[in-house]
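K.L.:
Pasting a structure here, questions to come.
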Amino acid sequence: MPLILPQKYHRKLLPETTEVAIKMVKDAFQTTLARELKLRRVTAPLFLLTGTGLNDDLNGVENAVSFSIDAMEGRKAEVVHSLAKWKRYKLGAYDIAPGYGLYTDMNAIRTFEDLDNIHSLYVDQWDWEKTIRKEDRNLEYLKDTVRTIYRTLLEVERMVYEKFPHITPVLPQHITFIHAEELAKLYPDKTPREREAICARENGAIFIIGIGAPLSDGKPHDGRSPDYDDWTSANEDGYRGLNGDIILWNPVLEIPFEISSMGIRVSPESLKEQLEIRGCTERANLTFHKLLLEGKLPYSIGGGIGQSRLCMFLLHKAHIGEVQASIWPEDQIRKCAEAGIELL
């Protein structure tokens, strides 16, 4: 995405005050989310052994930062992309009952990211996962969970306003649900990104269902790894997919702004189907995938919520570098400074 430099951008908080606000947002959001979704915090790894299948493959093409371990005869480990599969494994290891779950602070390095207003080499998010029953694997359960997360967003946005009254709320009271196929039918001449922009601008907050499955034109709305979200199972609306993205309209940048990728996770049946669709059936031999296919992992729902993106949105910032410390090209730092955007 090209760097966006909003005209007449005026930061609403000084850097020192921003640091205080970041802590307030993060503390309030994770506490409220844990209470509403019945989650308990667990400690997360920064890296995992290569070859276990536990690391998130994102779209299936990104390379992880890796290194060899001298004390383990050169075995390779890799920095996590996210903890989508690791969390489900932990649900089973901790024997967490249906209706309850866990969350963690996930930190990652993604060297392949474009460096712009919303993408960074450094990724920080709340990764959460919740045990569910087999009968909970339906669209209404997914929507109820999305509504709960959205209520948490609204509550923290209100808290920001109470602390800093000049940062006025922008989110609508309700989130709109739409399937990726419905978007494609409404705007057949638009790209997926353009469809998101139109829908998010009109509604303020949307949840696009069915991310990853091929649509009627044969292409997915966006990429999704085949081994965590379920994007093939039929749902009650007559479409495929039990997953999606929470996307907000960002009035500072005037773009659709993804805040969370989430969904009901694959069953043994949908995992097998999705591995076949993506042509990677060899993953069935990895530790995680074997456990899942043998029915040894619990049914679950889960996702990731970007911490820096959340702070950026709620504090009305124009660049993710205003709420996190990372590395940026010198030219981008200069252009941002000229536009009144001070990167940490």
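Numbering (the numbering used here), first residue to last: -7 to 336.
The C-beta atom is built at its ideal place from N, Cα and C for all residues, glycine as well.
When burial is assigned at 16 or more other CB atoms within 10 Å of the CB, is M254 buried or exposed?
P.N.:
M254 should be labelled buried.
K.L.:
I'd like the span of the alpha helix (DSSP H) that includes G255, first residue to last.
P.N.:
G255 -> not in any alpha helix (DSSP H); beta strand (DSSP E) instead, spanning 247 to 256.
K.L.:
The beta strand (DSSP E) spanning L285 covers which residue range?
P.N.:
First-last for L285: 279 to 285, but that is the alpha helix (DSSP H), not the beta strand (DSSP E).
K.L.:
How many angstroms separate the CA atom of V17 from the CA atom of Q316?
P.N.:
So the alpha carbons of these two residues sit roughly 13 Å apart.
K.L.:
How close, in whole Å, do the beta carbons of H213 and A172 come, if the pair is a contact with beta carbons under 8 Å?
P.N.:
Confirmed, Cβ separation roughly 4 Å.
K.L.:
Flag D221 as yes when its Cβ comes closer than 6 Å to any non-hydrogen atom of the ligand HEM, and as no otherwise.
P.N.:
The ligand HEM is absent from the structure shown, which contains no ligands of any kind.
K.L.:
Compute the Euclidean distance between the alpha carbons of L40 and H73, then round it to the nearest angstrom.
P.N.:
L40 and H73: Cα-Cα distance of roughly 10 Å.
K.L.:
Looking only at C-alpha atoms, which of L178, Q165, D209, E174 sits nearest to N195?
P.N.:
Ranking the options by Cα distance to N195, first place goes to Q165.
K.L.:
Distance, Cα to Cα, E261 vs N242?
P.N.:
Computed Cα separation, rounded: 38 Å.
K.L.:
Would you mind reading off the limits of the alpha helix (DSSP H) that contains G84?
P.N.:
Looking at the DSSP string, the run of the alpha helix (DSSP H) that includes G84 is 76 to 85.
K.L.:
Can you tell which of P218, I239, A69 has its C-alpha closest to the C-alpha of E268?
P.N.:
The option with the nearest alpha carbon to E268 is P218.
K.L.:
Going by C-alpha distance, which of A331, I325, E334, M64 is nearest L107?
P.N.:
Measuring from the Cα of L107, the nearest candidate turns out to be I325.
K.L.:
Is the segment 61 to 69 touching the segment 107 to 126 in the sense that three or more CB pairs, one from each, lie closer than 8 Å?
P.N.:
Cβ pair count under 8 Å is below three, so no.
K.L.:
Figure out for me which residue from T103, K4, D97 has the closest Cα to the Cα of W320.
P.N.:
Minimum Cα distance to W320 is reached at T103.
K.L.:
My assumption, with CB atoms under 8 Å, is that T224 sits in contact with E265. Please give the rounded CB distance.
P.N.:
Sure, about 5 Å apart at Cβ, within 8 Å.
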